[in-house]
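Trainee: Each residue of the sequence shown is one higher than the one before, counting from 1 in the UniProt record's numbering.
We put the beta carbon where it would ideally sit given N, CA and C, even for glycine.
In this text the structure is predicted, and so the values were computed from the model without any measurement.
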Amino acid sequence: MGVLTTEPLGRVLDYRAPEGGCDPGDYVVVPLGPRRVMGVVWGPGEGGFDAAKLRGIERVLDAAPMREEMRLFLARAADYTLTPLPAMLRLASRAPGLGEPPAVRRVYRASGHEPARLTEPRQRVLDALAAYGGAPVTLAELSAEAGVTSSVVKGLVKAGAIVEEEAPRDLPYPPLDPGAAPVRLEGDQVAAAEALVAAVAADSYSTTLLKGVTGSGKTEVYLEAVAECLRRGRQALVLLPEIALTSEFLARVEARFGARPAEWHSGVTATERRRLWRMVSEGQAQFVAGARSALFLPFRDLGLVVVDEEHDTSYKQEEGALYNARDMAVLRASICGCPAVLASATPSLESWVNAAQGRYARLDLGARFGAAELPEMHAIDLRPEKLPANRWISEALARSVEARIARGEQSLLFLNRRGYAPVTICRACGHQIGCDHCDARMVEHRFQKRLVCHQCGATKPMPEACPSCGVEGRMAPVGPGVERLAEEVADRFPQARVAVLSSDLFGSARALKEQIAAIAEGGADIIIGTQIVAKGHNFPLLTLVGVIDADLGLQGSDLRAAERTFQLVRQVAGRAGRSAGRRGVALVQTCQPEHPVIRAILGGDEEAFWRAEAEERRVAGMPPYGRLAGIILSSPDVAQVFETGAELARADAPLRRIGAQVFGPAPAPIARVRGRHRVRLLVKAGKGAPLQAALAEWIAQVKLPAALRLAVDIDPQSFL
Numbered sequence: 001m002g003v004l005t006t007e008p009l010g011r012v013l014d015y016r017a018p019e020g021g022c023d024p025g026d027y028v029v030v031p032l033g034p035r036r037v038m039g040v041v042w043g044p045g046e047g048g049f050d051a052a053k054l055r056g057i058e059r060v061l062d063a064a065p066m067r068e069e070m071r072l073f074l075a076r077a078a079d080y081t082l083t084p085l086p087a088m089l090r091l092a093s094r095a096p097g098l099g100e101p102p103a104v105r106r107v108y109r110a111s112g113h114e115p116a117r118l119t120e121p122r123q124r125v126l127d128a129l130a131a132y133g134g135a136p137v138t139l140a141e142l143s144a145e146a147g148v149t150s151s152v153v154k155g156l157v158k159a160g161a162i163v164e165e166e167a168p169r170d171l172p173y174p175p176l177d178p179g180a181a182p183v184r185l186e187g188d189q190v191a192a193a194e195a196l197v198a199a200v201a202a203d204s205y206s207t208t209l210l211k212g213v214t215g216s217g218k219t220e221v222y223l224e225a226v227a228e229c230l231r232r233g234r235q236a237l238v239l240l241p242e243i244a245l246t247s248e249f250l251a252r253v254e255a256r257f258g259a260r261p262a263e264w265h266s267g268v269t270a271t272e273r274r275r276l277w278r279m280v281s282e283g284q285a286q287f288v289a290g291a292r293s294a295l296f297l298p299f300r301d302l303g304l305v306v307v308d309e310e311h312d313t314s315y316k317q318e319e320g321a322l323y324n325a326r327d328m329a330v331l332r333a334s335i336c337g338c339p340a341v342l343a344s345a346t347p348s349l350e351s352w353v354n355a356a357q358g359r360y361a362r363l364d365l366g367a368r369f370g371a372a373e374l375p376e377m378h379a380i381d382l383r384p385e386k387l388p389a390n391r392w393i394s395e396a397l398a399r400s401v402e403a404r405i406a407r408g409e410q411s412l413l414f415l416n417r418r419g420y421a422p423v424t425i426c427r428a429c430g431h432q433i434g435c436d437h438c439d440a441r442m443v444e445h446r447f448q449k450r451l452v453c454h455q456c457g458a459t460k461p462m463p464e465a466c467p468s469c470g471v472e473g474r475m476a477p478v479g480p481g482v483e484r485l486a487e488e489v490a491d492r493f494p495q496a497r498v499a500v501l502s503s504d505l506f507g508s509a510r511a512l513k514e515q516i517a518a519i520a521e522g523g524a525d526i527i528i529g530t531q532i533v534a535k536g537h538n539f540p541l542l543t544l545v546g547v548i549d550a551d552l553g554l555q556g557s558d559l560r561a562a563e564r565t566f567q568l569v570r571q572v573a574g575r576a577g578r579s580a581g582r583r584g585v586a587l588v589q590t591c592q593p594e595h596p597v598i599r600a601i602l603g604g605d606e607e608a609f610w611r612a613e614a615e616e617r618r619v620a621g622m623p624p625y626g627r628l629a630g631i632i633l634s635s636p637d638v639a640q641v642f643e644t645g646a647e648l649a650r651a652d653a654p655l656r657r658i659g660a661q662v663f664g665p666a667p668a669p670i671a672r673v674r675g676r677h678r679v680r681l682l683v684k685a686g687k688g689a690p691l692q693a694a695l696a697e698w699i700a701q702v703k704l705p706a707a708l709r710l711a712v713d714i715d716p717q718s719f720l
């Protein structure tokens, strides 16, 4: 049998089938050298050698076999991204304890017999069991509910009043009722929901771009498609770009269907991940809400894939297997023969063009749900403001914030920079503190009293003296981050309650969710946040959004700088005025009010912006009208990495044959990360060029040194 393991061997290995046989898709344990590793039976072995020398498969694991559609998905995703197939298999087998037998736990239920001695604590335990309606509960649950120690429960077991027994740990998820609490849709929502329901009912592949202004009810619309999927007994997957979004989303699903969906993201415990993986594979989890890696779960009968906020850059995996979850979601839906829905208020240009060219269907929601109105958009020209060097809030914005505080409403100040200051410089000698392992400046995080490298995560204390010249007391922050903005807010609005939302300030996903929930309930007057605040949150009291530096994203030569700035500012502005009767205002601080992107943001003619941006890309032959691939070489030896890059550039015949061009090698903008020197090459090809095959042939010509790593990034989103 041919077995694919997760080891970096790059190919399927032949093994002798075990006694009793095995089938394609079975999870197995096989010997590999002196070790025992997990793998999947990929199909028949290749043969061509002495069968007597074959080592045997040692055992077949007690797990649902990997379905053929999943194996095809992994193979096609590997081919598209030029990722070794074992690395793709690792993404699909991340369940803790996959090879272990089904786990059990001890649970407790009432026996129906009264204990000989009934104390007040014992009575509370029996009352708690009765409140559970006879359902078995764990010791921790029962003790907490009754407010007693575990010894009281154990005493009742000995007295025969409670039965202790073992039950499977990996239980099915509660069923969701598609008819539990239907939402009353209005206007455009009705037609959009009917179209998505029809797509699910067709039991065939399609992709639909669901475009709607912020607050227009996109979630309610695609949940109608989820309801139809559940009625048909199939499974639904909704991808979300941020863990912090899941809490509000789960509450909305529970209100709609009477039970919560399963969760899959980095904040979920290992026990819950094992349970979800098994239940999904057995069809006992109807609806999964998760991060991008949820695409690789072993769904038994996937009937719908939704990518919420499909434009979000966090859907691009930038380490290990480099893939875009939006594109892989469309691929998986096509293989499963089910609809994919891409939802966004500000779609990616790729999705907009696909819809314009008829490859995707498109549904538009043009108005906010209910009586809520879209926010007014205004620019604040910072050039005549003459702000002091250590101030970033203009007088016009400050007056608007004060007015909201007086009315009991919330204001959001948006600055897409984490930490206190992006650069720390010595006023005596000009030295900027950089990372010891990367060519990147360290960012001061004053709340943590540390300097942090945002490339590798290295930290060190803030020095009293300059590391270069030794002068004390001259280290100074340059530029603002959200922590520094919080200082200005505390000084400017001393009576206000302030909350700072930045991913690095919370030790867990749970803590971040709790803070967002507290803000939504009115627990802050002023919210200061990075891009995390732009991702779908609903703060009913929020009526003012102030964008501190709208020009920040327009700097540099990023291909997508205009697109991302437009998306981010429009998204964050859409947080304002989402409740009926509270008209929102967005004030955009800028030194370039005449810039085409700023004018497009303020003017609100999104279609004109996308048309202009698409035309620029078309003329330049850039995505989505052309193809790009990034080649990233890294090594501890700077000479080695440049020599290999130059050798690749010289051997470009396979690329020239398809009309592709090679640019570079050149040092990456951040030329050293974690002690490894980095060089980039960029390959540009026509839209229909067979790029992957040419890249594979090109790279195979060069023998890579042992210490050198080469990564291929198809359709790169970042050029750092």
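Could you check where the alpha helix (DSSP H) with A367 kicks off and where it finishes?
Mentor: No alpha helix (DSSP H) contains A367, which DSSP labels as neither H nor E.
Trainee: Considering only residues of the same chain and omitting the five flanking positions on each side of H378, which have a CB-CB separation below 8 Å?
Mentor: So the list reads V585, A586, L587, V588 and L602, once near-sequence residues are dropped.
Trainee: Taking Cβ to Cβ, would you say A562 is nearer than 9 Å to T214?
Mentor: no
Trainee: Please return the same chain residues whose Cβ sits closer than 6 Å to the Cβ of V341, not counting the five positions on each side in sequence.
Mentor: T208, L210, Y222 and V306
Trainee: Tell me whether A371 is buried or exposed, calling it buried when 16 or more other Cβ atoms sit within 10 Å of its Cβ.
Mentor: Low local confidence applies: a pLDDT of 48 at A371 is under 50, so the model's placement there is unreliable, with the coordinate-based value given in what follows. Here A371 is exposed. Its C-beta has fewer than 16 other C-beta atoms within 10 Å.
Trainee: By the 10 Å Cβ neighbour count, where 16 or more other Cβ atoms means buried, how is E114 classified, buried or exposed?
Mentor: Around the beta carbon of E114, fewer than 16 other beta carbons sit within 10 angstroms, so the residue counts as exposed.
Trainee: Keeping to the same chain, check which residues put their C-beta closer than 7 Å to that of residue 733; ignore five residues upstream and five downstream.
Mentor: Nothing about residue 733 can be read from this structure; the chain reaches only from 1 to 720.
Trainee: Measuring straight from C-alpha to C-alpha, what distance separates D605 and P596?
Mentor: 12 Å
Trainee: Just the Cα atoms here: how many angstroms apart are L239 and K449?
Mentor: 35 Å
Trainee: Report the rounded CA-to-CA distance for F414 versus R326, giving the unit in angstroms.
Mentor: About 26 Å.
Trainee: Give the single residue among A285, A345 and L54 whose Cα lies nearest to the Cα of D170.
Mentor: A285
Trainee: Short of 8 Å in beta carbon distance, which residues of its chain neighbour C435, apart from the five on each side in sequence? Order them along the chain.
Mentor: R441, M442, C453, Q455, C456 and A458
Trainee: May I ask you to verify whether the region 174-186 touches the region 294-314, counting CB pairs closer than 8 Å and requiring at least 3?
Mentor: no
Trainee: Less than 9 Å between the beta carbons of Q692 and L89, yes or no?
Mentor: Cβ distance not < 9 Å, so Q692 and L89 don't count as in contact.
Trainee: What residues match up with L451 in a beta bridge as DSSP calls it?
Mentor: Note: L451 sits in a beta bridge opposite E444 and K460.
Trainee: Taking the continuous beta strand (DSSP E) assigned at M475, which residues delimit it?
Mentor: M475 to V478
Trainee: Apply the 10 Å Cβ neighbour rule to C336 and answer buried if 16 or more other Cβ atoms are within range, or exposed otherwise.
Mentor: buried
Trainee: For E616, does the count of other Cβ atoms within 10 angstroms reach 16, so buried, or fall short, so exposed?
Mentor: By the Cβ-count criterion, E616 is exposed, with fewer than 16 other Cβ atoms from all chains shown falling within 10 Å of its own Cβ.
Trainee: If you run the structure through DSSP and keep just helix, strand and coil, what is N324?
Mentor: strand
Trainee: State the CB to CB distance for the pair S502 and I532, rounded to an integer number of angstroms; the pair is presumed to be in contact (CB under 8 Å).
Mentor: 7 Å
Trainee: Is the region 343-353 close to the region 518-531, with three or more CB pairs under 8 Å?
Mentor: no
Trainee: Cutting at 8 Å between CB atoms, please list the residues of its own chain near K535, excluding the five before and the five after it.
Mentor: Result list for K535: P241, E242, A244, L245, E309, D312 and Q571, in chain order.
Trainee: Excluding five sequence neighbours on each side, which residues of the same chain lie with their C-beta closer than 8 Å to the C-beta of A511?
Mentor: none
Trainee: For E282 and P665, I'd like the C-alpha separation in whole angstroms.
Mentor: 49 Å
Trainee: Name the two residues that bound the continuous alpha helix (DSSP H) containing K158.
Mentor: Where K158 is concerned, the enclosing alpha helix (DSSP H) stretches over S150 to K158.
Trainee: Applying the criterion that 16 or more other CB atoms from any shown protein chain within 10 Å of the CB defines a buried residue, is F539 buried or exposed?
Mentor: buried
Trainee: According to DSSP, what are the bridge partners of Q495?
Mentor: DSSP output for Q495 lists no bridge partner at all.
Trainee: Pull up the distance between the alpha-carbon of T590 and that of C338, whole angstroms please.
Mentor: 45 Å
Trainee: Could you name the residues of the same chain whose beta carbon sits closer than 7 Å to that of L682, not counting the 5 residues immediately before and after it, in chain order?
Mentor: L628, G630, F663 and G664
Trainee: Would you grab the beta carbon distance between D715 and N324 for me? Rounded to a whole angstrom, and I think it's under 8 Å.
Mentor: 6 Å
Trainee: Residues bridged to A421 by DSSP?
Mentor: E444
Trainee: Return the residue from the list V28, G366 and A130 that minimises the CA-CA distance to V190.
Mentor: G366
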